[in-house]
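If you're matching positions, the sequence shown starts at 1 in the UniProt record's numbering and goes up one per residue.
Note that beta-carbon positions come from the ideal geometry of N, C-alpha and C, so glycine has one too.
Contents: one structure, followed by commentary.
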Amino acid sequence: MCRHSILDAVPTHMRRHLPAWTRHFPTWFAPFSALFRYHAQRTWAPLYVHGLCSTASRKSIQPLAAVVVPGNDDPLQRFITDSPWLTAPLEILLAQRAEELLGGRDAVLIIDDTCLTKFGTKSVGVARQYSGQVGKLTNCQCLVSLILAQHDIPLPLALRLFLPLEWTNDAARCEAIGVPSEHRSPLTKWELALCELDRVRQHVTFGVDAGYGVNARFRRALSARGLLWSVGITRTQTVYPAEVRLIPIPKHFRGREPKYPTTSARPFGGRADVERGRLAQRSLASRYQGCAFRSIRRRLCPAGRW
């Protein structure tokens, strides 16, 4: 096994021209390295992260290794794909560091989707689903992301891969690709977001994408956790004042639900002395101004739950 420091791949006469962060990186990353169990992992972990932050044209293993450890892409590949190491201790330390850097009253934790366009069917979690990056249905992997941000500085805290039902319902497919058994349960995106939120939450405001904001159960779960939150919603979202009570539509028929709204009372035709024409009554004119008066019906309309 080759042993490398962060700067071994750079000629000595060029090191003075490297960005300042490369000289401070070993000290900054040392607490993370200490959480790896094996020496080989402690060797390759900082090299991999250094490569992610480098000027490599692509951040797959071979182009990345060509920048930080030329000719040693195989050990780096094994560190990512074969070497067993726990992510939980690293994620806890990452959340603590993020809070030190960006925490405070002005910090917000943003929940959103991050989609990776993919071809084929072999990559774990890949399916035909909506991608916000593309703006349409496409073949992609979808990850639930939690990002701590303050002003214009973002810091990703968590990425959790979403498994569509066509994956969670196919045990053989999950087994063949190596999906751990504890991650094969069918979970919606907002349920994944709550799991990650419970792991990293601090006393910050939460901002949530409309794809999550339209879900009433998700919003109530945020409130139940005592969090200050704001969510995006679609322009067709129905909302009501807090004092409004929704009355179920009585069903007096058999078969499917009605396609169109039904009346809640007999049509109101106005006073007997009001002739057909434009509204003349003050109490009605203020609400229905400019309408040709025939009859007024109160309708029960289907509405989303807030």
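Which residues bound the beta strand (DSSP E) around residue i?
i: K136; result: K136 to Q150
i: F162; result: I153 to F162
i: residue 314; result: Residue 314 is absent from the structure shown; the chain starts at 1 and stops at 306.
So what's residue i in DSSP terms, helix, strand or just coil?
i: R78; result: helix
i: S131; result: strand
i: V244; result: coil
i: A20; result: helix
i: T168; result: helix
i: R173; result: helix
i: D73; result: helix
i: P26; result: helix
i: F32; result: helix
i: E182; result: helix
i: G213; result: helix
i: Q281; result: Its pLDDT being 45, under 50, Q281 is placed unreliably in this model, and the coordinates cannot settle the point.
Anyone know if the C-beta pair for residue i and residue j falls short of 8 Å?
i: V126; j: K118; result: yes
i: A210; j: G232; result: yes
i: S33; j: P46; result: yes
i: residue 307; j: A193; result: Missing from the structure shown is residue 307; the chain here goes from 1 to 306 and no further.
i: R160; j: C174; result: no
i: V67; j: T55; result: yes
i: T121; j: S131; result: no
i: I80; j: Y38; result: no
i: Q129; j: P164; result: yes
i: V124; j: I177; result: yes
i: L143; j: T114; result: yes
i: W85; j: Q41; result: yes
i: A65; j: G51; result: yes
Quick test of your reading: residue i and residue j, contact by CB under 8 Å. State the CB separation rounded to the nearest angstrom.
i: A196; j: A172; result: The sequence shown places Glu at residue 196, not Ala. Contact doesn't hold; Cβ gap of about 28 Å is too wide.
i: L102; j: I153; result: 6 Å
i: V200; j: L146; result: 6 Å
i: D106; j: Q150; result: 5 Å
i: L35; j: L94; result: So it is not a contact: roughly 10 Å between Cβ atoms.
i: L76; j: W44; result: 6 Å
i: W190; j: Y212; result: 5 Å
i: V214; j: T238; result: Actually they are not in contact, since the Cβ atoms of V214 and T238 sit about 10 Å apart, beyond 8 Å.
Give me the DSSP bridge partner(s) of residue i.
i: I233; result: Its beta-bridge partners do not exist; DSSP assigns none.
I'd like the span of the alpha helix (DSSP H) that includes residue i, first residue to last.
i: H50; result: H39 to L52
i: A216; result: A216 to A224
i: E100; result: A88 to L102
i: V68; result: I61 to V68
i: R199; result: K189 to V200
For a cutoff of 8 Å on Cβ pairs, would you count residue i as touching chain D?
i: V231; result: Looking at the structure shown, chain D is missing, and only one protein chain is on hand.
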